[in-house]
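Below: one structure, written as structure tokens.
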Amino acid sequence: MSGTSYVVVEVGEDLVGLDVLQVREVLAEQPLTRVPLAPPEVVGLLHLRGQVVTTLDLRRRLGLAPGVPAGRATDVVVRVGDERVALRADGVRDVVHVEDADVEPVADVLPHPLAELARGAVQLPGRLLLLLDVARTASPGAAA
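Sequential numbering from 1 applies to the sequence shown in UniProt numbering.
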């Protein structure tokens, strides 16, 4: 059987999975430069070893209310094509391996924008893990 490993990220009361092959690093909340007139999910730009990285609020991206006090979030830097994007989340829990056969489709039952961003879901012990399409999730304005 084949499968994929996912970084398990906390977003509010929910858990979402990001393909580990697209995650480059996990950082404590970084200082940001605000971007005037940017879409609401773009919380700013961070400077990461000489590179400017767009930072998206994962709560807003998924249509959830804001909730993490400043200074307590986690920035998950992902690579999509040649670009890096930081996804600001409440925290990172673990890395789990998911067999392809265990992934259930969810697009028909999820509200917008989750339906456009989800690849599927898998049952963890006591919790449901929503698997996100990293490329779509990291594209500001797409499916929002």
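No residue lacks a Cβ here, since even glycine has one placed at the ideal position from N, Cα and C.
| query | result |
| --- | --- |
| At least 3 beta-carbon pairs within less than 8 angstroms: the stretch 66 to 82 vs the stretch 12 to 31 | yes |
| Run of the beta strand (DSSP E) containing alanine 121, from where it starts to where it stops | 118 to 124 |
| Length of the line joining the Cα atoms of valine 53 and arginine 84 | 6 angstroms |
| Residues of its chain near aspartate 100, where Cβ-Cβ distance is below 8 angstroms and the 5 sequence neighbours each way are ignored | Met1, Ser2, Gly3, Thr4 |
| Every unbroken beta strand (DSSP E) within the stretch 58 to 128, with a cutoff of 3 residues, ordered by chain | 74 to 80, 83 to 89, 91 to 99, 118 to 124 |
| Close Cβ partners of leucine 18 (< 7 angstroms) along its chain, the five nearest in sequence each way excluded | Tyr6, Val7, Val9, Val76, Val78, Leu132, Val134 |
| Per-residue burial, valine 109 [other beta carbons within 10 Å of its own, 16 or more giving buried] | exposed |
| Nearest residue (CA-CA) to arginine 119, options Arg136, Arg127, Arg49 | Arg136 |
| N-terminal and C-terminal residue of the alpha helix (DSSP H) that threonine 4 is part of | Element bounds for threonine 4: not the alpha helix (DSSP H) but the beta strand (DSSP E), 3 to 11. |
| Among Gly12, Leu64, Gly91, the one whose alpha carbon lies nearest that of glycine 71 | Gly91 |
| Run of the alpha helix (DSSP H) containing alanine 28, from where it starts to where it stops | Note, alanine 28: premise wrong, no alpha helix (DSSP H); beta strand (DSSP E) at 23 to 28. |
| For valine 26 and valine 96, the rounded distance between their alpha carbons | 16 angstroms |
| Beta-carbon proximity of arginine 88 to leucine 114, cut-off 9 angstroms | no |
| Beta-carbon separation (whole angstroms), glycine 12 vs leucine 64, contact threshold 8 angstroms | 5 angstroms |
| Environment of leucine 129 [buried if 16+ CB atoms lie within 10 Å] | buried |
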